[in-house]
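Residue 91 in my numbering is what sits at position 79 of the sequence shown, and the numbering runs on without skipping anything. In this text, a Cβ means the ideal position worked out from N, Cα and C, and glycines have one as well. Here's the structure we're looking at; comments come further down.
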Amino acid sequence: MAWVLLGNKPFKFFMTGVIKFQNLTLGYDRMPAVQELEAEVREGSLTAIVGPNGAGKSTLLKGVTGAISPLEGGVLIDGFHQDEIAYLPQQSQIDGSFPICVIDLVAMGLWRELGAFGRLTRKMRAKVDAALAAVGLTGFEKRTIGSLSGGQMQRALFARLLLQDARLVLLDEPFAAIDAKTMADLIDVIKRWHSEGRTILAVLHDYATVGTHFPFTMMLARELVAHGPTAQVLTSENQFRARQMCEACAATPHTCGKSAA
Ligand SMILES: Nc1ncnc2c1ncn2[C@@H]1O[C@H](COP(=O)(O)OP(=O)(O)OP(=O)(O)O)[C@@H](O)[C@H]1O
Ligand SMILES: [Mg+2]
Numbered sequence: 013m014a015w016v017l018l019g020n021k022p023f024k025f026f027m028t029g030v031i032k033f034q035n036l037t038l039g040y041d042r043m044p045a046v047q048e049l050e051a052e053v054r055e056g057s058l059t060a061i062v063g064p065n066g067a068g069k070s071t072l073l074k075g076v077t078g079a080i081s082p083l084e085g086g087v088l089i090d091g092f093h094q095d096e097i098a099y100l101p102q103q104s105q106i107d108g109s110f111p112i113c114v115i116d117l118v119a120m121g122l123w124r125e126l127g128a129f130g131r132l133t134r135k136m137r138a139k140v141d142a143a144l145a146a147v148g149l150t151g152f153e154k155r156t157i158g159s160l161s162g163g164q165m166q167r168a169l170f171a172r173l174l175l176q177d178a179r180l181v182l183l184d185e186p187f188a189a190i191d192a193k194t195m196a197d198l199i200d201v202i203k204r205w206h207s208e209g210r211t212i213l214a215v216l217h218d219y220a221t222v223g224t225h226f227p228f229t230m231m232l233a234r235e236l237v238a239h240g241p242t243a244q245v246l247t248s249e250n251q252f253r254a255r256q257m258c259e260a261c262a263a264t265p266h267t268c269g270k271s272a273a
């Protein structure tokens, strides 16, 4: 079995799937945001990533996608081709003013099948319609994304993820600012992905949702606080420690991390 260091070497496809964070430090301008992370995520697992604001959760997902390269260590991905990673960024990073309609946004999930001219065949259109129906957005095809509510936008983004048919799904705060009905519908989508054997990493702040729906949890406070079965990770001691670690880092960012030197 061979390993591939994401970011520094070409991505390859292997037989089994696992993500290993090996002494991983990620950051910006040499300032660590995720520090010396050692953890392993098995294929087919459903894992919540939790931690205070600024704990490095979004940074970690960007490290997995390869959007940012490690300052130290690596993200070792075995068994997933880069085409098989679907990524939902945190809402604040999505430009809702982009002049595009729902059907085009969702059809982007078929980018592997779309030809040079981006024409939707009848078969592709049927897939788009099915994805829109699955998230309850039938009839919204021609709406511009700027006219959607936050929850409708999130449903459209999930429809795009459905079409990507990815084995590894990364979700950054998928339920931020959406109502209970939309959240329940999108959790059903995540559960369907899980039952299909896909690997899911989702950043969440709501511990009740994590406790109810996510078997595994990784708690971050720049460094790893805990990782394992959710009930063992979401303890009040771990939550207290995570807050303390983040506050300590915020107070003295220049001493927080060897690679910042
Ligand atoms: N593009 C960037 N340039 C410089 N610093 C950044 C950048 N993005 C994030 N950071 C910093 O890295 C640290 C971790 O940020 P990150 O977005 O990963 O946190 P988070 O855990 O996702 O927080 P939140 O819960 O608020 O979304 C923060 O101190 C943040 O200010
Ligand atoms: Mg974030």
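Fully contained in the segment 114-139 are the following alpha helix (DSSP H) runs of length 4 or more, in chain order: 114-119. Taking the Cβ of Q102 as the reference point, at least one heavy atom of ligand 2 falls within a distance shorter than 6 Å. Per DSSP, I199 is one residue of the alpha helix (DSSP H) stretching across A192 to S207. Taking 7 Å as the cut-off, the Cβ atoms of C258 and A119 do not count as close.
Remark: C-beta atoms of F170 and L198 approach each other more closely than 7 Å.
For T211, DSSP records a beta bridge to L180. Going down the chain, each residue whose beta-carbon is closer than 6 Å to a heavy atom of ligand 1 shows up: Y40, A45, G63, N65, G66, A67, G68, K69, S70, T71 and Q102.
In this structure, T221 sits away from T242, with a CB-CB distance that is not shorter than 7 Å.
For V215, the closest C-alpha among the options L117, I202, V140 and D41 is that of I202.
Here DSSP, grouped into helix, strand and coil, assigns L83 to coil. Per DSSP, the unbroken alpha helix (DSSP H) holding G223 starts and ends at Y219 to H225.
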